[in-house]
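Colleague:
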Amino acid sequence: MELIRKMILAIEDAPFGYAPELSLDGYTPIQVGYHSFLLVDAGLARGHDVATMGSVGPDVLITSLTWAGHEFAEAARDEIRWKKAMGIVKEKSGTITMDLLKQLLGSLMRGALGLP
108 MELIRKMILA
118 IEDAPFGYAP
128 ELSLDGYTPI
138 QVGYHSFLLV
148 DAGLARGHDV
158 ATMGSVGPDV
168 LITSLTWAGH
178 EFAEAARDEI
188 RWKKAMGIVK
198 EKSGTITMDL
208 LKQLLGSLMR
218 GALGLP
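Positions in the sequence shown are counted from 1; adding 107 to them yields my numbering.
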C-alpha cells in the first residue's frame with residue numbers, strides 16, 4: 108500500500124495530474140508499471156495501456172487521478188494519519204484491502220474533525 112500511496116501523491120503533484128513517466132526512488136519500473144495498472148483497475152486513476160509484446164509486465168500511462176483517487180490522496184496525505192492507519196492494520200491483521208483502507212482513513216479523518 109505504501110507504493111500506491113506514493114504514486115497517488117506523486118500523480119496529484121504532477122502538472123494537471125499527468126504523469127507519463129512516473130518513477131519513484133526504491134521501486135523498479137516494473138513495480139511502478141504494475142501498480143499503475145492496479146490504480147486504473149481500482150478506479151483511482153485514468154490511464155492507457157502502453158505495454159508492448161516485449162514488455163515484462165503491465166505498463167500504463169497515467170493521464171490523471173479520478174475523483175476517488177483525489178479523495179484517497181486527501182485521506183492518505185497526512186503522514187501521522189497514514190502511520191496510524193498502518194499501525195492499526197499491522198496490529199489487527201497485517202494486511203488490508205484497498206476498500207477497507209479507504210474506510211479506515213476516512214474514519215480517522217472524521218475522528219480528527221470530530222465527526223461520527
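Note that beta-carbon positions come from the ideal geometry of N, C-alpha and C, so glycine has one too. Given the structure is predicted, the values throughout are model-derived calculations rather than measurements.
(1) Would you kindly report the start and end of the unbroken beta strand (DSSP E) that includes Ile169?
(2) Quick check: the Cα distance between Asp166 and Glu178, rounded to an integer number of angstroms?
(3) By the 10 Å Cβ neighbour count, where 16 or more other Cβ atoms means buried, how is Val139 classified, buried or exposed?
(4) Secondary structure at Ala149, three-state DSSP: helix, strand or coil?
(5) Using the Cα positions of Arg112 and Ala152, report the straight-line distance between them to the nearest angstrom.
(6) Tell me which residue opens and which closes the alpha helix (DSSP H) that Asp206 is part of.
(7) In angstroms with no decimal places, state the Cα-to-Cα distance between Gly194 and Gly201.
(8) So what's Asp120 in DSSP terms, helix, strand or just coil?
(9) Between the region 184-192 and the region 143-160, do at least 3 Cβ pairs fall closer than 8 Å?
(10) Just the C-alpha distance for Pro136 and Gly164, rounded to the nearest angstrom, thanks.
(11) Excluding the 5 residues preceding and the 5 following Leu212 in the sequence, name in chain order all residues of the same chain whose CB lies nearer than 8 Å to its CB.
Modeller: Let me lay it out:
(1) 167-172
(2) 24 Å
(3) buried
(4) coil
(5) 12 Å
(6) 205-219
(7) 9 Å
(8) helix
(9) no
(10) 10 Å
(11) Phe179, Ala182, Ala183, Arg188, Trp189, Ala192
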